[in-house]
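Colleague: Mapping the sequence shown onto full-length UniProt numbering, position 98 (from 1) lands on 98, and the numbers just tick up by one. All residues carry an ideal CB built from backbone N, CA and C; glycine is no exception. Quantities reported herein were computed from a predicted structural model and do not represent experimental measurements. The structure under discussion is supplied below as structure tokens; questions concerning it will follow.
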Amino acid sequence: MAITLTSKAAERMNDYLANRGSGVGVRLSVQTTGCSGLGYNMEFVDAVNEDDTTFDDKGVKVIVDAKSLIYIDGTEVDYQKEGLNEGFEFNNPNSKAECGCGESFTV
Numbered sequence: 001m002a003i004t005l006t007s008k009a010a011e012r013m014n015d016y017l018a019n020r021g022s023g024v025g026v027r028l029s030v031q032t033t034g035c036s037g038l039g040y041n042m043e044f045v046d047a048v049n050e051d052d053t054t055f056d057d058k059g060v061k062v063i064v065d066a067k068s069l070i071y072i073d074g075t076e077v078d079y080q081k082e083g084l085n086e087g088f089e090f091n092n093p094n095s096k097a098e099c100g101c102g103e104s105f106t107v
């Protein structure tokens with residue numbers, strides 16, 4: 001089991017956490033959304049829950065709840081900036097298909 005970060009993603013997450021000034025890490029989870037069924041959600045974490053799994057990669061704690069982990073185990077998070085567009089990308093080996101805009105996926 002692992003969630004990994006590219007160097008670019010870790011740098012960006014560390015910048016966000018430093019600007020925020022507090023927090024133990026970043027929560028990566030899935031929620032029901034979009035035309036393919038599941039979407040990624042990222043938010044700051046101030047406390048880790050009992051059923052969370054924590055992954056430490058490149059100085060960032062990535063926290064995942066038990067329900068989400070079965071959908072995103074093995075995912076690599078990347079950060080891309082191209083022109084005016086920038087954001088995190090998820091390379092999920094469990095994803096069978098994505099919607100056309102890339103905002104949701106199915107397993």
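(1) List the residues that DSSP assigns as beta-bridge partners of residue 184.
(2) Could you tell me which uninterrupted beta strand (DSSP E) segments, each at least 3 residues in length, are contained entirely in the UniProt domain "Core" (1 to 103), listed from first to last along the chain?
(3) Given a cut-off of 8 Å on the beta-carbon distance, is the pair Phe-88 and Ala-10 in contact?
(4) Go ahead and label Arg-20 buried or exposed: buried means 16 or more other beta carbons lie within 10 angstroms of its beta carbon, across all protein chains shown.
(5) For Leu-7, is the classification buried or exposed, using 16 other Cβ atoms within 10 angstroms of its Cβ as the cut-off for buried?
(6) Exposed or buried, Gly-25, counting other C-beta atoms within 10 Å across all chains shown (16 or more means buried)?
(7) Give a yes or no on whether the C-beta atoms belonging to Ile-72 and Val-64 are separated by under 8 Å.
(8) Which residue from Thr-32, Gly-74, Tyr-40, Leu-28 puts its Cα closest to that of Met-1?
Modeller: In this structure, then:
(1) Residue coverage of the chain in this structure runs from 1 to 107, which leaves residue 184 outside it and unanswerable.
(2) 25 to 33, 37 to 45, 52 to 57, 60 to 65, 76 to 82, 85 to 91
(3) Counted from its first residue, the sequence shown places residue 88 at position 88. Counted from its first residue, the sequence shown places residue 10 at position 10. No, Cβ-Cβ distance for Phe-88 and Ala-10 is not below 8 Å.
(4) Locating residue 20 in the sequence shown gives position 20, counting from the first residue. Arg-20 should be labelled exposed.
(5) Residue numbering aside, residue 7 sits at position 7 when the sequence shown is read from its first letter. Note that residue 7 corresponds to Ser in the displayed sequence, not to Leu. The residue in question, Ser-7, is exposed, as its Cβ has fewer than 16 Cβ neighbours within 10 Å.
(6) On the sequence shown, residue 25 is found 25 positions in, with the first residue counted as 1. Label assigned to Gly-25: buried.
(7) One-based indexing of the sequence shown puts residue 72 at position 72. One-based indexing of the sequence shown puts residue 64 at position 64. Going by C-beta atoms, Ile-72 is nearer than 8 Å to Val-64.
(8) Position 1 of the sequence shown, counted from the start, is the residue given in the question as residue 1. If we check each option's Cα against that of Met-1, Gly-74 comes out closest.
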